[in-house]
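> Numbering (full-length UniProt numbering) for the sequence shown: 1 to 405.
A virtual CB, placed ideally from N, CA and C, is assigned to each residue, including glycine.
As the structure is a computational prediction, the values presented were derived from the model and not from experiment.
One structure coming up, written as structure tokens, with questions to follow.
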Amino acid sequence: MQDLQARLGSARRVVVVGNGGIALELVHEVQFCDVVWAVRDEHIGTSFFDAGAATFFMSDVKLESAGMSENESTATLRHGLPEEPEETENGVAIFTPHTLQQRAAKAALASARAGVSDIPSSQAPPEPNQTAPAMEVYSGAALGPRWQDQARLHPIGERIDTPRRVVELSTSVSAVLSPAEFVAYRQQHPAIVHNDTDILDWPAIVVLSNNRVYGCDVVVSATGVVPCADFIGPEILRASDGGIAVNDQMQTNLPDVFAAGDVCTVQWPTSSHWFQLRLWTQARQMGAYAARCIQAAAKHELALLDFCFEAFAHVTRFFGFKVVLLGLYNAQGLAVGDYEVLLRVTRGHEYIKLVLANGCVQGAVLIGETDLEETFENLILNQLDVSAFKDMLLDPDVDVEDYFD
1 MQDLQARLGS
11 ARRVVVVGNG
21 GIALELVHEV
31 QFCDVVWAVR
41 DEHIGTSFFD
51 AGAATFFMSD
61 VKLESAGMSE
71 NESTATLRHG
81 LPEEPEETEN
91 GVAIFTPHTL
101 QQRAAKAALA
111 SARAGVSDIP
121 SSQAPPEPNQ
131 TAPAMEVYSG
141 AALGPRWQDQ
151 ARLHPIGERI
161 DTPRRVVELS
171 TSVSAVLSPA
181 EFVAYRQQHP
191 AIVHNDTDIL
201 DWPAIVVLSN
211 NRVYGCDVVV
221 SATGVVPCAD
231 FIGPEILRAS
241 DGGIAVNDQM
251 QTNLPDVFAA
261 GDVCTVQWPT
271 SSHWFQLRLW
281 TQARQMGAYA
291 ARCIQAAAKH
301 ELALLDFCFE
311 AFAHVTRFFG
321 FKVVLLGLYN
331 AQGLAVGDYE
341 VLLRVTRGHE
351 YIKLVLANGC
361 VQGAVLIGET
371 DLEETFENLI
381 LNQLDVSAFK
391 DMLLDPDVDV
401 EDYFD
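Here it is, written out as structure tokens:
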């Protein structure tokens, strides 16, 4: 993390590869230099939301720019949005970070009002052209869900006044080359396209599978989480995805050996509204539950399965918006035609999606300050039949929190 901070501090352009939570947060946090975001999927954030929610984020970045009107804004994210102006370069969607900066400022103000300071005064970001103080070296546990609060990704050198964000969808990295390697590569691949007249002046050159090329100072690979259990011997049973197989007591197949977090794969019959997704929040819950299981095993008892495994729930922030994912939020495991989706979208403010099946709420995506998470989580857990008044669930004139209280 400290090495990343140092490299980003003097970077002019960063290429971010991936489409998970770290990639989403990093693109939001790096606001002082150009960013190229390479995404292999058809829309951003596929691990967390569908194309509709991705469009909500994209549209908000376009429409809400600090100090600029809609017509003046240069921020554009157009992939899959034919109704938007054709403001692209060679088909590449572009946006500038005015809205992201504004939302970051709002988040910082909210933290300050709550008595929390993201940047202690003794460690304020250096001014442009000022040498950054020497970093202290720390070690410890994983960075956690609010890693960016501690990262302080600020420039060491000159700040780019109008940094650009280029989103490349449905692509992957074909090669990362030095300038000398790129000269030979370009002769063998004449179809590649780049807009940099000084492409050979960049220390690293990234070639994408769509034949577009970008020079950069830093390449960040944030391509997802896989179980890292190679250090464990073959005597411990693995699941099909390579994770350590654990039962509902977080036990492996060996006595007195437990596992929790990203390294393990649950093997017990799970609740119909819970599934394993390798996130910090689930890892923390598993760790706490594993500790109780170990304590119970020492007393020759069985621990009761924690309530957190009853329904999937994840709370985070993307692009300055609060994001709550509940239950089968993307209709996971539900056959097409067996469910329906209710939507309420207020552009630039909120995106609410409900997944209904058999007359009951099965999942929800809540983006923005909706204050509906407790209500819909209870409806998912209780499986109350709401078919008679489903049209009222997302009616802004109906106070559903009090209705189901």
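Taking its Cβ as the centre, do 16 or more other Cβ atoms sit within 10 Å of Phe307, making it buried, or is it exposed?
Looking at its Cβ environment, which holds fewer than 16 other Cβ atoms inside 10 Å, Phe307 is exposed.
> Using the C-alpha atoms, what's the distance from Phe48 back to Val315?
Spanning the two alpha carbons is a distance of roughly 11 angstroms.
> I believe Val218 touches Ala11 by the beta-carbon criterion, under 8 angstroms. Please report the beta-carbon distance rounded to the nearest angstrom.
Confirmed, about 5 angstroms.
> In angstroms with no decimal places, state the Cα-to-Cα distance between Ser178 and Thr197.
Answer to the nearest angstrom: the Cα atoms are 16 angstroms apart.
> What is the DSSP secondary structure of Asp399, reduced to helix, strand or coil?
Note: Asp399 maps to coil in three-state DSSP.
> Could you give the residue range of the beta strand (DSSP E) that holds Phe321?
Start and end: Phe321 to Gly327.
> For Tyr185, does the three-state DSSP call read helix, strand or coil?
Note: Tyr185 maps to helix in three-state DSSP.
> Mapping DSSP to helix, strand and coil, what is Val27?
Val27 falls in the helix class under three-state DSSP.
> Output the distance between the C-alpha atoms of Leu8 and Val206, rounded to the nearest integer angstrom.
Between Leu8 and Val206, the C-alpha separation is close to 17 angstroms.
> If contacts are defined as beta-carbon pairs under 8 angstroms, then Tyr214 and His194 qualify, I think. What distance do you get, rounded to the angstrom?
Yes, they are in contact, since the Cβ atoms of Tyr214 and His194 sit about 7 angstroms apart, within 8 angstroms.
> According to DSSP, is Glu84 helix, strand or coil?
Only weak support is given to the placement of Glu84: the predicted model assigns it a pLDDT of 34, under 50, and the value that follows is read from those uncertain coordinates. It is coil, neither helix nor strand.
> Where does Glu340 fall in DSSP's three states?
Correct three-state label for Glu340: strand.
> Quick check on the DSSP output: what are the complete beta strand (DSSP E) runs of length 3 or more inside the UniProt domain "FAD/NAD(P)-binding" (206 to 287), in order along the chain?
You should have 213 to 216, 218 to 221, 244 to 246 and 264 to 266.
> What separation, rounded to the nearest whole angstrom, lies between the Cα atoms of Asn247 and Cys293?
Between Asn247 and Cys293, the C-alpha separation is close to 11 angstroms.
> Would Glu340 pass as a contact of Leu326 if the rule is Cβ separation under 8 angstroms?
For Glu340 and Leu326, no; Cβs fall outside 8 angstroms.
> How far does the alpha helix (DSSP H) with Thr375 in it extend, from its first residue to its last?
Taken as a continuous stretch (DSSP letters only), the alpha helix (DSSP H) holding Thr375 covers Glu373 to Asn382.
> With DSSP run on the structure shown, which of helix, strand or coil describes Leu4?
Residue state, collapsed to three classes: helix.
> When burial is assigned at 16 or more other CB atoms within 10 Å of the CB, is Asn358 buried or exposed?
The residue is exposed, with fewer than 16 neighbouring Cβ atoms inside 10 Å.
> Between Lys322 and Glu29, what straight-line distance do the alpha-carbon atoms span, to the nearest angstrom?
Those two C-alpha atoms are separated by around 15 angstroms.
> Just tell me which of Gly261, Glu42, Trp280 and Gln362 has its CA closest to the CA of Gly333.
Selected option, being the one with the closest Cα: Gln362.
> Which residues in the same chain as Val398 place their Cβ atom closer than 6 angstroms to its Cβ, once the five residues preceding and following it in sequence are excluded?
Once the five neighbours on either side are set aside, the close Cβ partners of Val398 are Met392.
> Touching or not, the stretch 260 to 274 and the stretch 282 to 290, by the rule of three or more beta carbon pairs under 8 angstroms?
With the cut-off at 8 angstroms, the stretch 260 to 274 and the stretch 282 to 290 touch.
> Tell me where the beta strand (DSSP E) around Val17 begins and ends.
Looking at the DSSP string, the run of the beta strand (DSSP E) that includes Val17 is Arg13 to Val17.
> What three-state label does DSSP hand Gln332 in the structure shown?
In this structure, Gln332 counts as coil in the three-state DSSP scheme.
> Name the residue from Asn253, Trp280, Gly242 and Trp268 whose alpha carbon lies nearest to the alpha carbon of Glu235.
Glu235 has its Cα closest to that of Asn253, out of Asn253, Trp280, Gly242 and Trp268.
> Going by DSSP in three states, Ala175 sits in which element: helix, strand or coil?
Note: Ala175 maps to strand in three-state DSSP.
> Return the CA-CA distance between His300 and Asn19, expressed in angstroms with no decimal places.
About 44 angstroms.
> Give the DSSP bridge partners of Val315, in chain order.
Beta-bridge pairing links Val315 to Val324.
> Could you pull out every residue in the same chain whose Cβ sits closer than 7 angstroms to the Cβ of Ser209, ignoring the five residues on either side in sequence?
Hits under 7 angstroms: Thr171, Ser172 and Ser174.
> Can you tell me whether DSSP reads Leu200 as helix, strand or coil?
Here Leu200 sits in helix by DSSP.
> Note down, in chain order, each residue of its chain lying with its Cβ closer than 7 angstroms to the Cβ of Ser221, except the 5 sequence neighbours on either side.
Closer than 7 angstroms at the Cβ level, and outside the excluded window around Ser221, lie Val17 and Gly18.
> Over what stretch of residues does the beta strand (DSSP E) that includes Leu302 continue unbroken?
From DSSP, Leu302 is part of no beta strand (DSSP E); its letter is neither H nor E.
> Just the C-alpha distance for Val92 and Val167, rounded to the nearest angstrom, thanks.
Confidence in Val92 is poor, its pLDDT being 36 and thus under 50, which makes the residue's placement too unreliable to answer from.
> Closest to Thr55 by C-alpha separation, out of Val345, Val36 and Glu401, would be which residue?
Minimum Cα distance to Thr55 is reached at Val345.
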